[in-house]
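For any residue, its number in this note's numbering is found by taking its place in the sequence shown, counting from 1, and adding 3.
The beta-carbon is built from N, C-alpha and C at its ideal position, and this holds for glycine as well.
Take a look at the structure set out below.
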Amino acid sequence: MPQSALKARRSTHALGAEVTGVDLSRPLDPAVVKEVVDHFHEHQVLFFRDQHIDDVAQRDFAAHFGPLQRFAFLRPVSEDVPEVHAIDIDPSRPKTANSDIWHSDATFLRRPPLGSLLRAVTLPDVGGDTLWASMYAAYDALSSRVQRLLDGMTAVHDSSNSASHARNAVNADFEPSVHPVVRTHPVTGRKALFVNEGFTTRINELNEYESEALLKLLFAHATRPEFSIRWRWQENDVAFWDNRVTQHFAVDDYRPSRRVMHRATILGDAPF
4 MPQSALKARR STHALGAEVT GVDLSRPLDP AVVKEVVDHF HEHQVLFFRD QHIDDVAQRD
64 FAAHFGPLQR FAFLRPVSED VPEVHAIDID PSRPKTANSD IWHSDATFLR RPPLGSLLRA
124 VTLPDVGGDT LWASMYAAYD ALSSRVQRLL DGMTAVHDSS NSASHARNAV NADFEPSVHP
184 VVRTHPVTGR KALFVNEGFT TRINELNEYE SEALLKLLFA HATRPEFSIR WRWQENDVAF
244 WDNRVTQHFA VDDYRPSRRV MHRATILGDA PF
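Structural data, given as C-alpha cells:
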C-alpha cells in the first residue's frame, strides 16, 4: 500500500484520530508502519474502522511496535495465539473486572505496558463505549505552581484495589511499584500526569492526609471532559492507544448484553 494512502483525521484537540487507508489484515510496508507510529505519538489513541482481522493479524500488527506482553490475569484467546487476550464481560458470570474506573493499564508493574491494541469481537446492541483521556492535556492544564509541586514526586501503584488484578496464587509477583507522579514520554519528550484512580494509592513525599487530598484532586482533574474522547464501537473496530500518556474507562452500561473484546498489549519501559 502506498504511503500516501494512509490518512489520520483528528478526533478532538486533546487526543484521538481516526485512521483510514490501511488494511490491518495484510502485511504492512515499513513506511506505513512508520506513519502509524508517528500518528500514534501525535494523537495518543488511533481508531481504525471496518478492519476484518483475526487474532493472528491483530498480534502481528501489534508486534510492529514492540515485544508483546502476556498477562497472568487475562486468559489468552487460544494456545496458538497466547499474546492476544479476551476481555469477556458476560452478564451470566459475577463481575470481576474493574474496567469501569479511570485507569492506565497495569501501572503496578515496574514496566507498565507501552500500549494496547483492542478489537471489537462481540458488541451489545446499545452501550459499551470506551473513553480515553490525555495525560499530556491534564498536565499542561495544571498551574505552573502545581506542576512544580508535582515534578520530582513519586507515587505507589498497587494492584490490590482491582478484583481482576489483585495479588493471588496466579500473580503473586505483582508487588506494588513506585513511579514518578509526572513522567516524560521517551519519544516525544513531553510531560504527562501519571497517577490513576485504578492503581495509584499514595504519594510518597506527603503524609497520608496530604496524599489523599492531592490524589483526589488529580484524579478528578485528569478526566475532565475537555481532555477526553468517547468512542462508540462498531463491528470490526480496532483502537490502538499509548498507555504511557492516556487513561481509559470502559462504560459498563450494556447489561444484560455481552461484550467481548480481544486485546494485544505491548511491553513498556520503566517510567522516568
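So is residue i buried or exposed if we call it buried at 16+ other beta carbons inside 10 Å?
i: Asn171; result: Only weak support exists for where Asn171 lies, its pLDDT of 43 falling under 50; the value from the coordinates is given anyway. Under this definition Asn171 is an exposed residue.
i: Glu86; result: buried
i: Arg12; result: exposed
i: Arg199; result: Rather than Arg, the amino acid found at residue 199 in this sequence is Asn. With 16 or more other Cβ atoms within 10 Å, it is buried.
i: Asn207; result: exposed
i: Val25; result: buried
Given this structure, state the Cα-to-Cα distance separating residue i from residue j, to the nearest angstrom.
i: Pro70; j: Asp91; result: 24 Å
i: Ala276; j: Leu134; result: Residue 276 lies beyond the range of the chain shown here (4 to 275); nothing can be said about it.
i: Arg62; j: Glu45; result: 23 Å
i: Val190; j: Val248; result: 12 Å
i: Trp236; j: Gly131; result: 7 Å
i: Leu121; j: Asn210; result: 38 Å
i: Ala273; j: Pro115; result: 7 Å
i: Pro183; j: Gln54; result: 37 Å
i: Glu238; j: Phe50; result: 13 Å
From the DSSP output, in three-state form, read off residue i for me.
i: Pro183; result: strand
i: Leu9; result: coil
i: Asp58; result: helix
i: Val150; result: Val is not the amino acid found at residue 150; the sequence shown has Gln there. Looking at Gln150 - three-state DSSP - the assignment turns out to be helix.
i: His160; result: strand
i: Asp2; result: The structure shown has nothing for residue 2, since the chain only spans 4 to 275.
i: Val229; result: Just to set this straight, residue 229 is Glu in the shown sequence, not Val. Here Glu229 sits in helix by DSSP.
i: Phe50; result: strand
i: His67; result: helix
Taking the continuous alpha helix (DSSP H) assigned at residue i, which residues delimit it?
i: His46; result: 33-46
i: His224; result: 211-225
i: Asp143; result: 138-144
Any beta carbon from chain C within less than 8 Å of residue i's own beta carbon?
i: Arg122; result: In the displayed structure, chain C is absent; only one protein chain is listed.
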